[in-house]
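Taking UniProt numbering, the leading residue of the sequence shown gets 1, the next gets one more, and so forth.
Working notes for the structure below.
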Amino acid sequence: MREEEVSIIENDALLEVECVHREGLLLDVMTMMRELGVEVMMVQSWVGDDGVFVAEMRAKVKENGKGKKTIVDVKNALNQIIPHHIPHHDPYTLASSDHF
Numbered sequence: 001m002r003e004e005e006v007s008i009i010e011n012d013a014l015l016e017v018e019c020v021h022r023e024g025l026l027l028d029v030m031t032m033m034r035e036l037g038v039e040v041m042m043v044q045s046w047v048g049d050d051g052v053f054v055a056e057m058r059a060k061v062k063e064n065g066k067g068k069k070t071i072v073d074v075k076n077a078l079n080q081i082i083p084h085h086i087p088h089h090d091p092y093t094l095a096s097s098d099h100f
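Okay, structure coming up:
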């Protein structure tokens, strides 16, 4: 499961992300947005009991010499760092490094 919604109206952006949680994901998203010139102003995030990470972010899109980033630019950046699928983990199978 993976969803991302991006809305940009003038300089205001709303980003909504829902995907499999991994450690450091929120920091990676915020860092990527900053590198794009999208300044995150507010974040609300949580991880559900099912391991799904949800984040809602409000941001300002800054103009640089080449103009402002578009919805497509932001979605492409998110696609680089958000997990694409839920990894399958069988709790009854030991990893090869596990020994008794």
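Even glycine gets a Cβ: it sits at the ideal position worked out from N, Cα and C.
From the options, pick the residue whose C-alpha is nearest to that of residue i; which is it?
{"i": "residue 79", "options": "11, 19 and 13", "result": "19"}
Taking the Cβ atom as the reference point for each residue, do residue i and residue j lie within a distance shorter than 8 Å?
{"i": "residue 16", "j": "residue 35", "result": "no"}
{"i": "residue 6", "j": "residue 61", "result": "no"}
Could you name the residues of the same chain whose beta carbon sits closer than 7 Å to that of residue i, not counting the 5 residues immediately before and after it, in chain order?
{"i": "residue 59", "result": "13, 15, 33, 38, 39, 40 and 41"}
Output the distance between the C-alpha atoms of residue i and residue j, rounded to the nearest integer angstrom.
{"i": "residue 68", "j": "residue 49", "result": "37 Å"}
{"i": "residue 64", "j": "residue 81", "result": "23 Å"}
{"i": "residue 43", "j": "residue 56", "result": "6 Å"}
{"i": "residue 2", "j": "residue 21", "result": "10 Å"}
{"i": "residue 94", "j": "residue 66", "result": "The predicted model places residue 94 with a pLDDT of 45, which falls under 50 and marks its position as unreliable, so this point remains unresolved."}
{"i": "residue 47", "j": "residue 29", "result": "15 Å"}
Here's the rule I'm using: 16 or more other beta-carbon atoms within 10 Å means buried, otherwise exposed. How should residue i be labelled?
{"i": "residue 9", "result": "exposed"}
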